[in-house]
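Accompanying notes for the structure given below.
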Amino acid sequence: MSILNKHPERDPSVAEAVASDELLVTGGHTFTTLTDKVSGIVEKKTPPQWYLLFAMAISGLLVLLGAIGWLVFEGTGIWGLNNPVGWGWAIVNFVFWVGIGHAGTLISAILFLLRQQWRTAINRFAEAMTIFAVICALVFPGIHVGRIWLAYYMFPIPNQMLIWPNFRSPLLWDIFAVGTYFTVSTLFWYVGLIPDLATLRDRATKLRKKVLGFFALGWRGGNRQWQHYEKAYLMLAGLATPLVLSVHSVVATDFATSMVPGWHTTIFPPYFVAGAVFSGFGMVMTLALIARKIYGLEDIITVNHLERMNKIILVTGSMVGYAYLSEFFIAWYSGNQFEVFAFINRALGPYAWAYWIMFTCNVITPQIFWFKKVRRSIPIMFVASIFVNIGMWFERFVITVTSLSRDYLPSSWDYFSPSFWDIITFVGSFGLFFTFFLLFLRFLPMVALSEVKGVLPEADPHHYSHKDGGAK
Amino acid sequence: MSNTLGVLARFANPAELIEAAKKVREAGYKKFDCHSPFPIHGMDDAMGLKRSPLGFIVGGMTLTGALVGMTLQYWVAAVEYPLVISGKPFFSWQAFIIITFALFVLFGAFGAVLGMFHLNRLPRLHHPVFYSDQFARVTDDAFFVSIEVEDPKFDDKQTQAFLTGIGGVDIELVVGE
Amino acid sequence: MSSHVDETCVNNTWHINQAHFLESWGDVSGYQGAGIIQPLIAPLFDGKSTIDVLADLLSEEETWAYGEVHKTWSDILNDANFDKAWRRVVHDGFIALDRESQVALNRSMTQAAVSSSNFYRPTATTTEMEVIFSASFSNYDGRYANNGWMQELPDPITKLTWDNVALMSVGTAKALGVKNEDRLKISNSGTDLFLPVWVLPGLADNTITVELGFGRDIGRISRGVGSDVNVIRKSTAINIASGFKVAKAPGKHTLACVQDHHGMDEEQLAADAIQERLPTIVRESSLSDYQKDPAFAMAFAEKEELRSLWKEHDYSDGNQWGMAIDLNTCTGCSACTIACQSENNIPVIGKEEVNNGRDMSWIRLDRYFSGDVEDPEMVFQPIACQHCEMAPCEGVCPVAATTHSEDGLNEMAYNRCIGTRYCANNCPYKVRRFNFFNFTKDMPEIVQMAMNPDVTIRFRGVMEKCTFCVQRINVAKIEAKNDSRDLVDGDVVVACQQACPTDAIAFGNINDPQSEVSRIKAQNRDYALLGELNLQPRTSYGAKLRNLNPAIDGSNPAIET
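Just so you know, the protein sequences line up as chains V, P and L, in that order.
For the record, in the first sequence the residue sitting at position 193 is 262 according to my numbering, with numbers rising by one throughout.
For the record, in the second sequence the residue sitting at position 78 is 170 according to my numbering, with numbers rising by one throughout.
For the record, in the third sequence the residue sitting at position 302 is 421 according to my numbering, with numbers rising by one throughout.
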């Protein structure tokens, strides 16, 4: 059963997407022109901007590796951490990258189940972004521990001490949740890539054909394959949907199950998920706008797609804003002096600057998307998407650091300042991300070709039965 | 030394492919397939395919994953190496739910992907249809019906004529080396 | 002749390497007896004791301290069987001698004499300030300055380490327009002293207090720490001097303070929060109020019974260790901190790391001010790991490196710890200490020899904290087992308890109702710090009672002068 190709007259959700005033792909593309367009990106000469960006990304990656090398050699003390603030930028960066890693699978899985066909334009590179963001995220819990060479103690493998990990710890939940998320996202992405790798294979020659042929696994587009393939895709989407919602909920339990005032709150899981989707869409938007410009994909990633993403940014941004406000209410309503102080301290204490950067970027910025003109203005949405990412990094900073810096006993209060190494490790993680991402753009189809073809009007068998009217 | 492996016919668009699939099935062919650059709605019915059993594979795997997750945690925390942690019971099942769920999903995902590979007999890098030069277009914009030589009804001439009759073009006898 | 090369030695022509008294033979005499000083080890650096040197100078033949002591005691013991008697003295360490032990008391300094003497009356003004020279809390006059433990021991009131400062009142700081860590120039007849400012509530206005014992030129540890205040000190005014010009100097001087970091309590938001929390953290009352309401310490506790979400672990069997700390008798002397550092091989981390907020003390002394900034009250509260029965640190450790023992100790398995620091984050008492660097990397061999062999040295990346001196508990258990008996109260004495001069710390088995710690915990002053969190800490505190003289607490206006 093909889900991708429900007929508009019989399926209202598709009718909304297809029969509205917009076409999912503009510019009068046919199957062939789409194939040429998308495959051409990786087959033709690489644009010079790519080399410039790749050089920058590799430099960033080297900075990251240098920073990690020094960290392993010297110790966690090279960061700005202190006694009350045991978690600093490393954990902030971890949550930040995991959050960004939410958009891809959300677009692939949840929008797939909700039959939002516009997802096909952006899902491939959003999924790639997810995987690379999760790789960046996984670097941080690995290096933030004091004895990095023993981080494998966290895995449930019998070691020389015959002792096992503590399954009650939220950090162990993280290992499983994020590890599973990474694995499932990668499987999902690869399954989606198989037909497109076959397309590239069939256009290639010599060694390139052999390599692509190996990864395409011998895909031949037979319906006997498509049948199981679609079922597997549906199953993966079904499994990934609760997973994508659970991952950031589990990350939230790192904070929510602790005792620290400002962390110890039940609103964290849903609030983290909303924030993750928010930041993930912010990042997808930033990257989509750049890629679309450089590779001339305006027909495939249309302004209509971007507008829909802006609507999601508006919704999730408002959810995050609601969470910020309700945190204050609950703290006051609890009557717990430690909770009350934790929140007043966030807004008015020594980290007020960070709090208000966060608030401005995350709550006020997305509100501009109430206006249709703004939703469709590319320069505005580009700037807004960057603001969203800055704001969401600060959200994690505010939560992690302000809560720890002033907890129960005032005698232990201290102020956290990042060190040089904190900063370059974070900057370096962008190098890691963009290295992967640019390699992806260079070597793999950045648009899910078979899926986009599937949503063209010509892909619908009924399109041909009444040619006079044609499909809209 | 060459031997016949099957017949390939190209059709103009998804609608024609569906019609062709129906006719090939009605003609009694079993070992045939319809190739297209994307999945086509209604093709399963047209080809008379049964429901994919993948759901059962995934279901079995998810339950196995959940069982492995909870059993591992129970065994480690309550049997093999019980430790007093935060004064909590050795079998703190509430805390073990998340990892149980994660393994539920992980096993299920592997079940879905590996199960699909198994059902599709992938990876399979050699297949009769790859001997055809025009078949490369299947991943671009072409729609094919293939009938394999193993089919009991297969006959060089008749099958080619049949495919021409139902509207196929570029009929090709696939010959291996 | 001295055991260390110091500022005096370098000005001499000759210097003899003096052996430490634990490396030398000697003897002592007191009112009730006399004793022998035996060396514990041969001199490490080939030092000579004073007896060695004097004996060599005075005697024709070659002799050394042991021979001299031996000779002396052959006269004292005067026994036919001298060898046997000598061995007994060496074994016992002393002999009792019958001597007149009555000493006449000089009564000239009675209260009457004190009250009739002339009190010093302050005459200081903003332009003519007064300077008080006080001995350093930890270095004294500088003789202990070359000791890392001492440099890093926070002053109990300022909580500063590794520096001396110019202490002044809030009013004086305002008048001079200076803040903490500003540099201050103190001048007297052409000599200038530069010191960083530290503002402390409750000091007299127009008076600057400076500490001796800093700014030494020699010593691996002491060189360059702080400033020598003797440059403005004159032999005519050794303790207090007046007529100083004091002004702000350009620049800043970073100070390593272990509490109220970076002057945070100057911020009103924080100051208010501290005052709001203080009555529940440190519970105190006056004696008269306590007599009226003896259960006041419990009044802050949750009214409703604290309940767990799960079935708690049963600790009703065997020895269950617990501690009681009496805030009433704690004087803030910090001996517990040093005793713990010595017992548990706690590293010295240096000024920069203290300033980074990474101090390692397993038992720290919290100090809080309350009341009027000109005339504040002050309390001390020693805080070590509370060994919570439902310890929040344990549940969050992903590798089960911190768990509970059957006798109720919250234990750290250093080998297992990978250093996620989650436990420290989740500890509401913030008693966990993290080895941010390999702090023992540059430890000289002689210091390594001074480490307690019963306690592991922790590597970088590992969390550590108070263990309730588990090594002492185990020694006591082994001894009791060798004697085929049960542990009794007093078998285990933990390091901080042993060092406490006021016996403010009690430790023992809380399952034994007759143990000292159980009897103290049964008092109505006993309360659990942050008890409302229901972590069930094994350490509890005895509420503080003040018994102020009515003449000074203002409650009896008739006595006011």
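Just so it is clear, CB atoms sit at the ideal spot from N, CA and C, and this is done for glycine as well.
#1: Closer than 8 Å by beta-carbon distance: list the chain P residues that pair up with N298(L), in chain order.
#2: Can you name, in chain order, every residue of its own chain whose Cβ lies under 7 Å from the Cβ of M286(P), other than the five neighbours on each side?
#3: Find out if the Cβ-Cβ distance for the pair D243(P), Y121(P) is shorter than 8 Å.
#4: Anything in chain V within Cβ reach of T156(P), meaning under 8 Å, just list it in chain order.
#5: For G211(V) versus T145(V), is the C-beta spacing smaller than 8 Å?
#6: Taking 8 Å as the CB-CB cut-off, is H506(L) touching chain P?
#7: Quick one: give me the first and last residue of the beta strand (DSSP E) that T521(L) is part of.
#8: When the cut-off is 8 Å and only beta carbons count, does P174(P) lie next to chain V?
#9: Does the separation of the CB atoms of S474(V) and G149(V) fall below 8 Å?
#10: List the residues that DSSP assigns as beta-bridge partners of A375(L).
#11: Roughly how many whole angstroms lie between the Cα atoms of H171(V) and F341(V)?
#12: Answer yes or no: does any C-beta atom of chain L fall closer than 8 Å to that of G179(P)?
#13: So if I threshold CB-CB distances at 7 Å, which residues from the region 510–524 of chain L count as touching chain P?
#14: For M354(V), which of W422(V), D323(V), R444(V) and F440(V) has the nearest alpha-carbon?
#15: Would DSSP call W440(L) helix, strand or coil?
#16: Spatial neighbours of T450(L) within its chain, please: CB distance less than 7 Å, with the 5 preceding and 5 following residues excluded, ordered by chain position.
#17: Using a beta-carbon distance below 8 Å, is N192(V) in contact with chain L?
#18: Below 8 Å on the Cβ atoms is my guess for T174(V) versus F257(V); work out the distance and round it to an integer in Å.
#19: If we cut at 8 Å on Cβ distances, does E376(V) have a partner in chain L?
#20: Between the region 578–591 of chain L and the region 525–544 of chain L, do at least 3 Cβ pairs fall closer than 8 Å?
#21: L269(V) and L281(V) look like a contact to me (Cβ under 8 Å); what is the Cβ gap, rounded to whole Å?
#22: Around the Cβ of T355(L), are there at least 16 other Cβ atoms within 10 angstroms (buried) or fewer (exposed)?
#23: M162(P) versus chain V: which residues are under 8 Å apart at the beta carbon?
#24: Could you compute how far the alpha carbon of G109(V) sits from the alpha carbon of M328(V)?
#25: What are the start and end residues of the alpha helix (DSSP H) that includes I363(V)?
#26: What three-state label does DSSP hand E745(L) in the structure shown?
#27: So what does DSSP say about V141(V), is it helix, strand or coil?
#28: If you draw a straight line from the C-alpha of D90(V) to the C-alpha of K442(V), how long is it?
#29: Where does the unbroken alpha helix (DSSP H) through G248(V) begin, and where does it stop?
#30: With DSSP as the reference, label G261(L) as helix, strand or coil.
#31: Let me confirm a value: E396(V) is counted as buried when at least 16 other C-beta atoms fall within 10 Å, else exposed. Which label applies?
#32: Using the C-alpha atoms, what's the distance from M570(L) back to D491(V)?
#33: Can you list the residues of chain L that T145(V) reaches, using a CB-CB cut of under 9 Å?
#34: Applying the 10 Å Cβ sphere with the 16-neighbour rule, what's the burial state of M383(L)?
#35: Opposite E583(L) in the DSSP bridges: which residues?
#36: In angstroms with no decimal places, state the Cα-to-Cα distance between A153(L) and L173(L).
By the coordinates alone:
#1: As written in the sequence, residue 298(L) is Lys, which differs from the Asn given in the question. Simply none; closest approach about 43 Å.
#2: In the structure as shown, chain P starts at 93 and stops at 269, and residue 286(P) therefore has no counterpart that could be examined.
#3: yes
#4: What T156(P) touches in chain V: nothing, since even the nearest Cβ is about 14 Å away.
#5: no
#6: no
#7: T521 to H523
#8: no
#9: no
#10: T280(L)
#11: 11 Å
#12: yes
#13: A510, P511, E513, G514, A519, T522 and H523
#14: R444(V)
#15: strand
#16: T621
#17: no
#18: 7 Å
#19: no
#20: yes
#21: 5 Å
#22: exposed
#23: Simply none; closest approach about 10 Å.
#24: 55 Å
#25: F337 to Y364
#26: The question about residue 745(L) has no answer here: the residues shown for chain L are numbered 120 through 680.
#27: helix
#28: In this predicted model, D90(V) has a pLDDT of only 44, less than 50, meaning its place in the structure is not dependable enough to derive any value.
#29: P239 to R272
#30: coil
#31: buried
#32: 34 Å
#33: G538, R540, F553, N554, F555, F556, R579 and G580
#34: Residue confidence is low: M383(L) scores 49 on pLDDT, short of 50, so the model does not pin down where it sits. Its coordinate-derived value is still stated next. So M383(L) ends up on the buried side.
#35: R552(L)
#36: 21 Å
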